[in-house]
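Novice: The structure's right below; bear with me while I get my questions together.
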Amino acid sequence: MNLRVACMPYADKFQLHIHAVLAEQERTLISERTKAALKAAKARGVKLGGMRDPLMTRNAVMKENADFAQSISPIIKSTRASGETLAIIAQALNTSGKPTPRGGQWTSTAVKQVLDRTCPPIAWILGKCTPALTPSSTDSCT
2 MNLRVACMPY
12 ADKFQLHIHA
22 VLAEQERTLI
32 SERTKAALKA
42 AKARGVKLGG
52 MRDPLMTRNA
62 VMKENADFAQ
72 SISPIIKSTR
82 ASGETLAIIA
92 QALNTSGKPT
102 PRGGQWTSTA
112 VKQVLDRTCP
122 PIAWILGKCT
132 PALTPSSTDS
142 CT
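For the sequence shown, our numbering gives the first residue as 2, with consecutive numbering after it.
Structure follows, in structure tokens:
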């Protein structure tokens, strides 16, 4: 079997073997330097890995967004069940004065994100999500 390397088309097996050995050695050296640097950083007291959100605001914001999605989803799902497009639903929400979680204007993408947050797309495809018929009824996603 003949192996051709694009940048060294006339290299023989010996030359390719030497390059492979050098690449393996370089991999080992990089690994050793990385491990040494991490060990030194840990000795200095640097916290390695994990979340870097000391106030845990990310989790609070995610919960607020999930709560908002649950509160607005009955309106969106009932309108969607009647056959309206995401753009029409966004326009209706803007007309009714309902702001997005950040207080902005609704777009079709924002409407889709609420639908995805309350029930993932695969559940809709499998028919496991049932849209609310009225804003007061509950949605199910099993």
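Just so you know, even glycine gets a beta-carbon here, dropped at the ideal spot from N, CA and C.
Since the structure is predicted, the reported quantities are computational estimates derived from the model, not experimental observations.
What does the alpha-carbon distance come out to for the pair residue 55 and residue 65?
Specialist: As a first step, residue 55 must be located in the sequence shown, where it is residue number 54. As a first step, residue 65 must be located in the sequence shown, where it is residue number 64. Spanning the two alpha carbons is a distance of roughly 18 Å.
Novice: Report buried or exposed for residue 72, applying the criterion of at least 16 other Cβ atoms within 10 angstroms of its Cβ.
Specialist: Taking the sequence shown and counting its residues from 1, one reaches residue 72 at position 71. The residue is exposed, with fewer than 16 neighbouring Cβ atoms inside 10 Å.
Novice: Should residue 148 be labelled buried (16 or more other beta-carbon atoms within 10 Å of its own) or exposed?
Specialist: Residue 148 falls outside the range modelled here, since the chain spans only 2 to 143, and no answer is possible.
Novice: What are the boundary residues of the alpha helix (DSSP H) that includes residue 119?
Specialist: Stepping through the sequence shown from its first residue, residue 119 is reached at position 118. Segment 109 to 119, the alpha helix (DSSP H) holding residue 119.
Novice: Under 8 Å, do residue 118 and residue 61 count as touching if we go by C-beta distance?
Specialist: Within the sequence shown, numbered from 1, the residue matching residue 118 stands at position 117. Within the sequence shown, numbered from 1, the residue matching residue 61 stands at position 60. Their beta carbons are not under 8 Å apart, which means residue 118 does not touch residue 61 by this criterion.
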